[in-house]
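Below is one structure, written out as structure tokens; the observations come after it.
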Amino acid sequence: MQTASGTWWRRGTGRIGRGVVGCCGAALVGGLLGAAGCGGLPSWDWTEPLTPQNDARPGYNAFAPHSVRVFPLTRLGRDEAGEPAIVCHVELRDRWGDPVKALGQLQVQLYRPMEGIDKGTAAQILKWDVALDDERINAQSFDPATRTYRLVLVGLPAWIGERVDPPAEGENRPRARLEVRAVFQTLGPNGEERVLRDGMVLGI
Numbered sequence: 000m001q002t003a004s005g006t007w008w009r010r011g012t013g014r015i016g017r018g019v020v021g022c023c024g025a026a027l028v029g030g031l032l033g034a035a036g037c038g039g040l041p042s043w044d045w046t047e048p049l050t051p052q053n054d055a056r057p058g059y060n061a062f063a064p065h066s067v068r069v070f071p072l073t074r075l076g077r078d079e080a081g082e083p084a085i086v087c088h089v090e091l092r093d094r095w096g097d098p099v100k101a102l103g104q105l106q107v108q109l110y111r112p113m114e115g116i117d118k119g120t121a122a123q124i125l126k127w128d129v130a131l132d133d134e135r136i137n138a139q140s141f142d143p144a145t146r147t148y149r150l151v152l153v154g155l156p157a158w159i160g161e162r163v164d165p166p167a168e169g170e171n172r173p174r175a176r177l178e179v180r181a182v183f184q185t186l187g188p189n190g191e192e193r194v195l196r197d198g199m200v201l202g203i
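Counting along the sequence shown from 1, when you hit position 202 you're at 201 in numbering that gives the first Met the number 0, and nothing is skipped either side.
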């Protein structure tokens, strides 16, 4: 990183000493009291800024998303109208592991892991496309408290929706599992297309 000296300005002598600061401070105080103490300010030579020696070039985004994560806050719940929904939290992180916001196309996919001879596979139940490349939708979807995109996904099958509420007393309800996957299509640091993926298992 370039320092101020030699970048935007410099003194004729090429350095700033403590005496200059003290003298200017005395001039300011002296001026307020009606007595000048320094005999004027030094002259400054203004120069052109140096070319940045880093990656701050047009089109470069050092903090482009490097990974996507279905955040553990994702759960089965209800929307504002009381309809069963999956409240999905999606987190983006840059290459340093810090949460970021970014424009792109997000698809959230819902799968049901298979049992029996098909164990190890999963059948897709639903998918939702979220236009996070729209600045307005992107801003409205972002939750500053969790630094994630908070998405309320509705249209669930009845057998999932009926599991929003806990089982009644004495009801023997076997546990079920869902898999929530996130696929985020965006741009990398140099503007190259990048597809990020993640998934988590949700017990209901």
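No residue lacks a Cβ here, since even glycine has one placed at the ideal position from N, Cα and C. All of these numbers come straight from a predicted model, not from anything done at the bench.
When the Cα atoms are used, what is the spatial distance from residue i to residue j?
{"i": "Glu90", "j": "Ala101", "result": "10 Å"}
{"i": "Arg135", "j": "Gly169", "result": "47 Å"}
{"i": "Ile88", "j": "Phe62", "result": "Before going on, a small fix: residue 88 reads as His here, not Ile. Going by the C-alpha atoms only, they are around 20 Å apart."}
{"i": "Thr73", "j": "Asn171", "result": "25 Å"}
{"i": "Thr145", "j": "Arg92", "result": "13 Å"}
{"i": "Arg193", "j": "Tyr59", "result": "14 Å"}
{"i": "Asn238", "j": "Leu150", "result": "Since the first and last residues shown for the chain are 0 and 203, residue 238 lies out of range."}
{"i": "Arg77", "j": "Glu191", "result": "38 Å"}
{"i": "Asn189", "j": "Asp97", "result": "19 Å"}
By alpha-carbon positions, which one of the options ends up nearest to residue i?
{"i": "Asp128", "options": "Glu82, Arg172, Gln106 and Phe70", "result": "Gln106"}
{"i": "Trp95", "options": "Asp133, His65, Phe70 and Glu79", "result": "His65"}
{"i": "Pro165", "options": "Val67, Asn60, Val69 and Leu75", "result": "Leu75"}
{"i": "Pro156", "options": "Thr120, Leu125, Met113 and Val67", "result": "Leu125"}
Would you say residue i and residue j are within 9 Å of each other, going by their C-beta atoms?
{"i": "Leu131", "j": "Tyr110", "result": "no"}
{"i": "Gln123", "j": "Gln184", "result": "no"}
{"i": "Glu79", "j": "Gly160", "result": "no"}
{"i": "Gly198", "j": "Val69", "result": "yes"}
{"i": "Pro112", "j": "Leu195", "result": "no"}
{"i": "Leu152", "j": "Val99", "result": "no"}
{"i": "Gln108", "j": "Val179", "result": "yes"}
How should residue i be labelled, buried or exposed, when 16 other C-beta atoms within 10 angstroms of its C-beta is the threshold for buried?
{"i": "Gly202", "result": "exposed"}
{"i": "Val200", "result": "exposed"}
{"i": "Ala217", "result": "Residue 217 cannot be examined here, being either before or after the span of the chain that is shown, 0 to 203."}
For the putative contact between residue i and residue j, defined by C-beta atoms under 8 Å, what is the C-beta separation to the nearest angstrom?
{"i": "Ala181", "j": "Val67", "result": "5 Å"}
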